[in-house]
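Chains as they are written, first to last, in the working numbering: chain H, 1 to 159; chain A, 1001 to 1322.
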Amino acid sequence: MSEHGLLRLIDWIWTVRGAVPLAPGQTCDTAFARLDPLFREPGTTRRREGDTLVFHKSDPLSQDPMAVWDRGHLQIVAGPALHYRLASRALGFCFLAPALFLGLSLLLETAHVSGRVFAGFFVALYIIGRMLEPWLVAARLARLLAATDQADNADSCPA
Amino acid sequence: MNAPSGIGTRRAGAQRLGTWDRPKVQGGPVKQFIFTWFQPVVLAAMIAFWTFAPDRYATPAVGIGIGIAFKVVCLGLEWVSQRHASWRLTWKELTTDLFYVAVSYTLVKYAAKHIGSDAAVDAIKHYWNIHTAWAGHWPFLLQVFVTMFVFDFGQYWMHRAMHNWYPLWLTHAPHHYITQLNVLKGAIGNPIEIFLIGLGIGGFLDFLPRAALAAGGIGLAIDIYNHANIRFNTPRWWLYLFNTVEHHSLHHCQDYASTRCNYANTFIVIDRMFGTCVDDEAELVGQEGGRRMSIREQMLYPFLPVIDRVRTWRSPAAVPAE
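Shown next, in the form of structure tokens:
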């Protein structure tokens, strides 16, 4: 298996993929304009090229609605629909945390019980986060895209 | 506004107790009652439990269990009576906070056991053949109070030193980069600071183990209140005696000079004794305008001056061409 294929096999741990349908006739410019507030937060850089928007976050604020996603790739494809791929270091970190604290429980006599308890907490938190955060971001994107505050503009996006 | 006098734009003692604009808990009379008396009732309940609990229940394991349950309850209270929407707990914040709690209960606890103050006190008592079992015959409430006050008195001066001596500030600064307050935020910080702030000399007095458990439980509860996003109708007499989220939010405000007040963890009356208490509160917390520090930076922060010096040494400035 290629390195890329192997990565694709495990990156579900920290990566979320999804799609949100656009309203009929909604254009790239309109869709990205409606999502723009999400990427105006401090520590966020974004680059738009035609039907694609790529963003990156560095130490986002706690209340940044996209704080859990460190980088992402959003593309409008024929349908039309917004397809997105978002990566989260927090999810990856939370996935690895149980191993760290299980290791400490084996190494340190004072952490024999507490290390295992916290490993259990992080397993539970990972499961909750892996289900909750994709749901929240899908709902947020759908809500913003459904807003009816701007007129559509014709552009070169796939229809 | 009064002129600065060592603690930013606020002057110690200038603000009359409870006279600043304190929004009330939103809700009916039952909710008002609960969030007015919650803190005093928990204090009374803890004292009653550790005073009267049978020996088989007065154990460290039960104390830890009560602590965990209390944190869960207070996390729930953050939803019932939220203090600020801008401090709302998110999954990422909770995960980050729990990481620091876990580090405290594992690595820091290990260090404290082997090289902490209790280990040093035990060694000194053993070397000098010091016995203080008579302290265990004092009235139980006195044992609890002395344990708490001695620890908090030491913590007050350690904390104050951290805000006034740069090498110690380097260890404490990461705690001030939290950008909101929540139940578990008291654990956030560089592990060196968490180790230092836990040093104490209470081990010289051989109080009953359940007195230490009671003191630890009450101290933990007040530390949780100090960092919780919970709106209480805190009674004025409680504000006078104990540290609160009102006092501690001011201690975390973004104006660095104004953070140099309200140092005690439990008894704000210690700050009143030394003129460092300011009765006020803040919503905008953090440093550098509210920049959120990553876990990696929190861990490295005390060593940044050394890292910078090594980098400078390894890459000296280019010599201009002649």
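For glycine and all other residues, C-beta sits at the position ideal for the given N, C-alpha and C.
{"query": "Give the DSSP-derived three-state secondary structure of residue 1277 of chain A in the structure shown.", "result": "coil"}
{"query": "So is residue 1115 of chain A buried or exposed if we call it buried at 16+ other beta carbons inside 10 Å?", "result": "exposed"}
{"query": "Mind pulling the chain A residues with CB within less than 7 Å of residue 49 of chain H?", "result": "Ordered by position in chain A, no residue passes the 7 Å Cβ test against residue 49 of chain H, which lies about 29 Å from the chain."}
{"query": "Label residue 34 of chain H either buried or exposed according to how many other C-beta atoms from any shown protein chain fall within 10 Å of its C-beta, with 16 as the threshold for buried.", "result": "buried"}
{"query": "Using a Cβ-Cβ distance under 8 Å, would residue 1290 of chain A count as near chain H?", "result": "yes"}
{"query": "Which of the three DSSP states, helix, strand or coil, is assigned to residue 48 of chain H?", "result": "strand"}
{"query": "List the residues that DSSP assigns as beta-bridge partners of residue 84 of chain H.", "result": "H:18, H:74"}
{"query": "Throw me the rounded Cβ distance for the residue 1078 of chain A and residue 1228 of chain A pair, which I believe falls under 8 Å.", "result": "6 Å"}
{"query": "Using the Cα positions of residue 1002 of chain A and residue 1189 of chain A, report the straight-line distance between them to the nearest angstrom.", "result": "Note on residue 1002 of chain A: pLDDT 38, under 50, position unreliable in the model; no value is reported."}
{"query": "Determine whether the beta carbon atoms of residue 1097 of chain A and residue 1182 of chain A lie at a separation below 8 Å.", "result": "yes"}
{"query": "Just how far apart, CA to CA, sit residue 1104 of chain A and residue 1175 of chain A?", "result": "14 Å"}
{"query": "What residues in its chain sit with their C-beta under 8 Å from that of residue 1122 of chain A, if we drop five residues either side in the sequence?", "result": "1203"}
{"query": "Compute the Euclidean distance between the alpha carbons of residue 76 of chain H and residue 133 of chain H, then round it to the nearest angstrom.", "result": "21 Å"}
{"query": "Alpha carbon to alpha carbon, how far is residue 1134 of chain A from residue 1299 of chain A?", "result": "43 Å"}
{"query": "List, from N- to C-terminal side, the alpha helix (DSSP H) runs of 4 residues or more that fit wholly inside the region 1245–1309 of chain A.", "result": "1245–1251, 1268–1274, 1295–1300"}
{"query": "Looking only at DSSP bridge pairs, what is residue 56 of chain H linked to?", "result": "H:45, H:71"}
{"query": "Taking Cβ to Cβ, would you say residue 1158 of chain A is nearer than 8 Å to residue 1220 of chain A?", "result": "no"}
{"query": "In this structure, does DSSP put residue 1232 of chain A in helix, strand or coil?", "result": "coil"}
{"query": "Please confirm whether residue 10 of chain H has its beta-carbon closer than 8 Å to some beta-carbon of chain A.", "result": "no"}
{"query": "Measuring CA to CA, which of H:9, H:48, H:56 is closest to residue 88 of chain H?", "result": "H:56"}
{"query": "Tell me which residues share the same chain as residue 18 of chain H and place their Cβ nearer than 7 Å to its Cβ, disregarding the 5 neighbours each side in the sequence.", "result": "84, 134, 138"}
{"query": "Within the chosen definition, does the region 1049–1068 of chain A reach the region 1248–1257 of chain A through at least 3 CB pairs nearer than 8 Å?", "result": "no"}
{"query": "Work out the CA separation of residue 1036 of chain A and residue 1083 of chain A for me, nearest whole Å.", "result": "14 Å"}
{"query": "Could you check what DSSP says for residue 1207 of chain A in three-state terms: helix, strand or coil?", "result": "coil"}
{"query": "Classify residue 1246 of chain A as buried or exposed, calling it buried when 16 or more other Cβ atoms lie within 10 Å of its own Cβ.", "result": "buried"}
{"query": "Taking the alpha carbon of residue 71 of chain H as the reference point, which residue from H:14, H:7, H:114 has its own alpha carbon closest?", "result": "H:14"}
{"query": "Closer than 7 Å by beta-carbon distance: list the chain H residues that pair up with residue 1078 of chain A, in chain order.", "result": "Per Cβ cutoff of 7 Å: no residues; residue 1078 of chain A is ~14 Å from chain H at best."}
{"query": "So, helix, strand or coil for residue 1082 of chain A, using DSSP?", "result": "strand"}
{"query": "Give the range of the alpha helix (DSSP H) segment to which residue 1058 of chain A is assigned.", "result": "Counting along the chain, residue 1058 of chain A falls outside any alpha helix (DSSP H), and DSSP gives it neither H nor E."}
{"query": "Give every residue of the same chain whose Cβ lies closer than 6 Å to the Cβ of residue 1284 of chain A, excluding the five residues on either side of it in the sequence, and list them in chain order.", "result": "1254"}
{"query": "Label residue 21 of chain H either buried or exposed according to how many other C-beta atoms from any shown protein chain fall within 10 Å of its C-beta, with 16 as the threshold for buried.", "result": "exposed"}
{"query": "From the DSSP secondary-structure annotation, give me the bridge partner or partners of residue 1242 of chain A.", "result": "A:1267"}
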